[in-house]
């Protein structure tokens, strides 16, 4: 199965995060490239109810909070966010995001601080 860069769709995940989402034909896996310039979500925390997410940092660095744990991650590092965990990320970085099952908006929630 091949997902072409030219078929990917650019989206604004927020005012601080741009995403290039690959069109997936397999509902068990998702992939996107992201560029973060400040914080995501912009305030509070987010949660994916069903998907495990893996972030691979291409360049830059992030601080991530998953539940009560805080991680500093940089180029070449991977971060795994389990389903059902509240999180936020902040920093300036480009990263690849993988999800299983494939991400969709019905799985996603944001929580105010």
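Numbering (the working numbering), first residue to last: 10 to 122. Yeah, the Cβ is synthetic: ideal placement off N, Cα and C, and Gly gets one too.
Assuming residue 55 contacts residue 97 under a Cβ cut-off of 8 Å, what Cβ separation, rounded to an integer in Å, is found between them? 7 Å
Spatial distance of residue 36 from residue 17 (CA atoms): Cα to Cα, residue 36 sits roughly 16 Å from residue 17.
Does the beta-carbon distance from residue 84 to residue 68 come in below 9 Å? yes
Have a look at 89, 80, 62, 25 and flag the residue whose alpha-carbon is nearest the alpha-carbon of residue 110. 62
Proximal residues to residue 32 (C-beta, below 6 Å), its chain only, five neighbours per side dropped: 16
Outcome for residue 12 when other beta-carbon atoms lying within 10 angstroms are tallied against a minimum of 16: exposed
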